[in-house]
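First comes the structure, then the notes that go with it.
Residue numbers (the working numbering): 329 to 477.
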């Protein structure tokens, strides 16, 4: 991936320096976030800014090259959340304690499941521990999401 430095900065600013999937802050990460191809290169996607999303390593790795997922409520295969086409607040809310991302649409539920956004399929619970810490520090949830908490 050969993304110009200026493009990288514009993508980070467009995302408000948050993972565009789980809304984790890049500033809290030990390393800079990655650039996820919304249409994976393996499926013909390119490196244009419109096809790239800022993503934490966790979400990018779990999304892999999937563009759809199973909605656990309806059992239908639906597209995954695409930050260039979808608005985060239309598909996700935070739990009352702001620790868990809840899917409120078929796209949201399928994305939460596919990306395991709450460590439901992993025993380590590391993202929930991080969110608790960020909440205590006043860095979480992002101010753009506060209308849902």
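Glycine included, C-beta positions come from ideal geometry on N, C-alpha and C.
{"Check": "Residue range of the unbroken beta strand (DSSP E) whose run includes residue 364", "Outcome": "362-365"}
{"Check": "Length at least 3, wholly inside the region 385-432: the beta strand (DSSP E) runs in chain order", "Outcome": "396-398, 405-407, 420-422, 429-431"}
{"Check": "Residue from 375, 398, 372, 366 whose Cα sits closest to the Cα of residue 383", "Outcome": "366"}
{"Check": "Those residues which DSSP pairs with residue 383 across a bridge", "Outcome": "362"}
{"Check": "Distance CB(residue 442)-CB(residue 397) smaller than 8 Å", "Outcome": "yes"}
{"Check": "Nearest-angstrom Cβ-Cβ length linking residue 480 and residue 439, presumed shorter than 8 Å", "Outcome": "Past the boundaries of the shown model lies residue 480; the chain is included only from 329 to 477, so the question cannot be answered."}
{"Check": "Residues sharing a beta bridge with residue 346, DSSP", "Outcome": "353"}
{"Check": "Assigned secondary structure, residue 376 (DSSP; H/G/I helix, E/B strand, else coil)", "Outcome": "coil"}
{"Check": "Where residue 476 falls: helix, strand or coil (DSSP)", "Outcome": "Low confidence applies to residue 476: its pLDDT is 49, below 50, so where it sits in the model is not reliable enough to give any reading."}
{"Check": "Cβ pair count under 8 Å reaching 3, the region 346-365 against the region 466-474", "Outcome": "yes"}
{"Check": "Where residue 451 sits in the DSSP three-state scheme", "Outcome": "coil"}
{"Check": "Option nearest residue 433 by Cα separation, candidates 377, 424, 406, 445", "Outcome": "406"}
{"Check": "Option in 345, 376, 421 with minimal Cα separation from residue 437", "Outcome": "421"}
{"Check": "Helix, strand or coil at residue 443 [DSSP, three-state]", "Outcome": "coil"}
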